[in-house]
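K.L.:
Sharing a structure, written as structure tokens. Questions coming.
Numbering (my numbering), first residue to last: 333 to 651.
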């Protein structure tokens, strides 16, 4: 059983705590003072306020990193430096400089591993969509449209989350999943990006970014559009949709309805009812699996950073 230390308590801790007692032993948590009581009750472990104290006193095998987005790079680099593997909620970091530093640290310490929680890869209907594309049923992928719309939930968000300089904005905090799905679903590589990001829903909050879109050029001449927003009304929890259009048809997936349909040369709008079993991406990683290879963990983060830079510069950037 691996000894794991938890850094932060912001999001997606459940991916790790679900394995506590079976695959993982939570030995300590380092959280903000205002999270200490919650962390003690939730994790049932000693709680400290400084991640360095956790590293020094509890010596975990793995760090599960889910603190503020802009503070993660420092924690990841510190863990790799002392020989610990890392499970991290997305994003890994916000800047290209930190991205390069993490990549270099992994090159310098080849036995160390980092997992970026690209959890959609382990969900049944997303896997079924990938299987449809890989089967050739819709021909060669020519265009992908990923839509990721969620509520802002302002009252539940800590101040740092509402500041794009600390959260990273929508590409790094949300559309990183969409960018990863473009490559994972199609088996193609993104070679260039153009992007836009802004705030239309709350002009009185200049540090908020509530909508974004990135146009991707793929290595086979195909294209993709990933668009995201945090403007859904309370009546709708989230709305993720994907269309993959190929040379011989297309597949449509609506996540909220768990509905995947395929139109090919034989029939239109045929519902796909079978899907693989769900996969815990953390358990797979612990077993040395390849649902999320390390290269994919790093690449998704790099693509999200490049999309952010493309939006800031109003430029087309090569990958």
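Each residue gets a CB set at the ideal place from its N, CA and C atoms; glycine is no exception.
Model, not experiment: these values are computed from the prediction.
Do residue 620 and the ligand GDP come close, with the Cβ less than 7 Å from some heavy atom?
P.N.:
Among the components modelled here there is no ligand, and therefore nothing to report on the ligand GDP.
K.L.:
How many Å lie between residue 354 and residue 333 at the Cα?
P.N.:
Walking along the chain shown from the start, residue 354 turns up at place 22. Walking along the chain shown from the start, residue 333 turns up at place 1. Taking the straight line joining both Cα atoms gives about 7 Å.
K.L.:
Using only alpha-carbon positions, find the residue among 615, 479, 508 and 646 that is nearest to residue 350.
P.N.:
Stepping through the chain shown from its first residue, residue 350 is reached at position 18. Comparing Cα-Cα distances from residue 350 to each of 615, 479, 508 and 646, the minimum goes to 615.
K.L.:
Grouping DSSP H, G and I as helix and E and B as strand, with all else coil, what is residue 581?
P.N.:
Counting from one through the chain shown, the residue named residue 581 turns up at place 249. Here residue 581 sits in strand by DSSP.
K.L.:
Quick one: give me the first and last residue of the alpha helix (DSSP H) that residue 346 is part of.
P.N.:
Here the question's residue 346 lines up with position 14 in the chain shown. That run of the alpha helix (DSSP H) goes 346-349.
K.L.:
So, do the region 604-615 and the region 485-493 have three or more beta carbon pairs nearer to each other than 8 Å?
P.N.:
no
K.L.:
Mapping DSSP to helix, strand and coil, what is residue 486?
P.N.:
Locating residue 486 in the chain shown gives position 154, where the first residue counts as 1. Residue state, collapsed to three classes: helix.
K.L.:
Rounding to the nearest angstrom, what Cα-Cα distance links residue 586 and residue 388 in this structure?
P.N.:
Here residue 586 is taken as the residue at index 254 of the chain shown, counted from 1. Here residue 388 is taken as the residue at index 56 of the chain shown, counted from 1. Cα to Cα, residue 586 sits roughly 46 Å from residue 388.
K.L.:
Could you have a look at residue 417 and say whether DSSP puts it in helix, strand or coil?
P.N.:
On the chain shown, residue 417 is found 85 positions in, with the first residue counted as 1. Here residue 417 sits in strand by DSSP.
K.L.:
Give the secondary structure of residue 614 by DSSP, where H, G and I count as helix, E and B as strand, and everything else as coil.
P.N.:
Taking the first residue of the chain shown as 1, we reach residue 614 at position 282. Note: residue 614 maps to helix in three-state DSSP.
K.L.:
For residue 370, does the count of other Cβ atoms within 10 angstroms reach 16, so buried, or fall short, so exposed?
P.N.:
Taking the first residue of the chain shown as 1, we reach residue 370 at position 38. Exposed, because fewer than 16 other Cβ atoms sit within 10 Å of the Cβ of residue 370.
K.L.:
Measuring only the C-alpha atoms, how far is residue 609 from residue 456?
P.N.:
Here residue 609 refers to the residue found at position 277 of the chain shown. Here residue 456 refers to the residue found at position 124 of the chain shown. In this structure, the alpha-carbon of residue 609 lies about 6 Å from that of residue 456.
K.L.:
Quick check: the Cα distance between residue 408 and residue 447, rounded to an integer number of angstroms?
P.N.:
For the purposes of this step, residue 408 is taken as residue 76 along the chain shown, with counting starting at 1. For the purposes of this step, residue 447 is taken as residue 115 along the chain shown, with counting starting at 1. Rounded to whole angstroms, residue 408 to residue 447 spans 11 Å at the Cα level.
K.L.:
What does a CB cutoff of less than 6 Å around residue 505 pick up in its chain, not counting 5 residues either side in sequence?
P.N.:
As a working mapping, residue 505 is identified with position 173 in the chain shown. Excluding positions up to five away in sequence, the list reads 499.
K.L.:
Report the residue from 444, 450 and 412 whose alpha carbon sits nearest the alpha carbon of residue 423.
P.N.:
Here residue 423 corresponds to residue number 91 of the chain shown, with the count starting at 1. Nearest C-alpha to residue 423: 450.
K.L.:
Could you name the residues of the same chain whose beta carbon sits closer than 6 Å to that of residue 412, not counting the 5 residues immediately before and after it, in chain order?
P.N.:
On the chain shown, position 80 is the one that residue 412 refers to. Once the five neighbours on either side are set aside, the close Cβ partners of residue 412 are 437, 441 and 444.
K.L.:
Note down the Cα distance separating residue 581 from residue 551, rounded to an integer number of angstroms.
P.N.:
As a position in the chain shown, residue 581 is number 249, starting the count at 1. As a position in the chain shown, residue 551 is number 219, starting the count at 1. Cα to Cα, residue 581 sits roughly 20 Å from residue 551.
K.L.:
Give the C-beta separation of residue 405 and residue 425 to the nearest angstrom, bearing in mind that I take them to be a contact with Cβ-Cβ under 8 Å.
P.N.:
Counting from one through the chain shown, the residue named residue 405 turns up at place 73. Counting from one through the chain shown, the residue named residue 425 turns up at place 93. Between residue 425 and residue 405 the Cβ distance is about 4 Å, and since that is below 8 Å, they are a contact.
K.L.:
What distance in whole Å lies between the Cβ atoms of residue 554 and residue 528, which are believed to be in contact at a cut-off of 8 Å?
P.N.:
Within the chain shown, numbered from 1, the residue matching residue 528 stands at position 196. Within the chain shown, numbered from 1, the residue matching residue 554 stands at position 222. Contact between residue 528 and residue 554 does not hold, since the beta-carbon distance rounds to 21 Å and is not under 8 Å.
K.L.:
Can you list, in chain order, the residues of its chain with a C-beta nearer than 6 Å to that of residue 557? Leave out the 5 residues immediately preceding and following it.
P.N.:
Here residue 557 is taken as the residue at index 225 of the chain shown, counted from 1. 477 and 547.
K.L.:
Taking just the CA atoms, how far does residue 512 sit from residue 378?
P.N.:
The sequence position of residue 378 within the chain shown is 46, counting from 1. The sequence position of residue 512 within the chain shown is 180, counting from 1. Whole-angstrom Cα-Cα distance: 35 Å.
K.L.:
Would you mind working out which of 352, 533 and 380 sits nearest residue 362, comparing C-alpha positions?
P.N.:
Working through the chain shown from its first residue, we reach residue 362 at position 30. Considering only alpha carbons, the answer is 380.
K.L.:
Opposite residue 358 in the DSSP bridges: which residues?
P.N.:
Residue mapping note: residue 358 aligns to position 26 of the chain shown, counting from 1. Answer by DSSP bridge pairing, in chain order: 336.
K.L.:
Under three-state DSSP, which class holds residue 564?
P.N.:
What you label residue 564 is simply residue 232 of the chain shown in a count that begins at 1. Three-state result, residue 564: coil.
K.L.:
If I'm right that residue 461 touches residue 576 with Cβ under 8 Å, what's the distance once you round it to whole angstroms?
P.N.:
The count along the chain shown starts at 1 and reaches residue 461 at position 129. The count along the chain shown starts at 1 and reaches residue 576 at position 244. That belief holds up - the Cβ atoms of residue 461 and residue 576 are roughly 7 Å apart, short of 8 Å.
K.L.:
Based on the DSSP output, what are the partners of residue 537 in its beta bridges?
P.N.:
For this step, residue 537 is matched to residue 205 along the chain shown. BP columns for residue 537 are empty, so no partner.
K.L.:
Am I right that residue 523 and residue 651 are in contact with their C-beta atoms under 8 Å? What's the rounded C-beta distance?
P.N.:
Within the chain shown, numbered from 1, the residue matching residue 523 stands at position 191. Within the chain shown, numbered from 1, the residue matching residue 651 stands at position 319. Correct: roughly 5 Å between the Cβ atoms.
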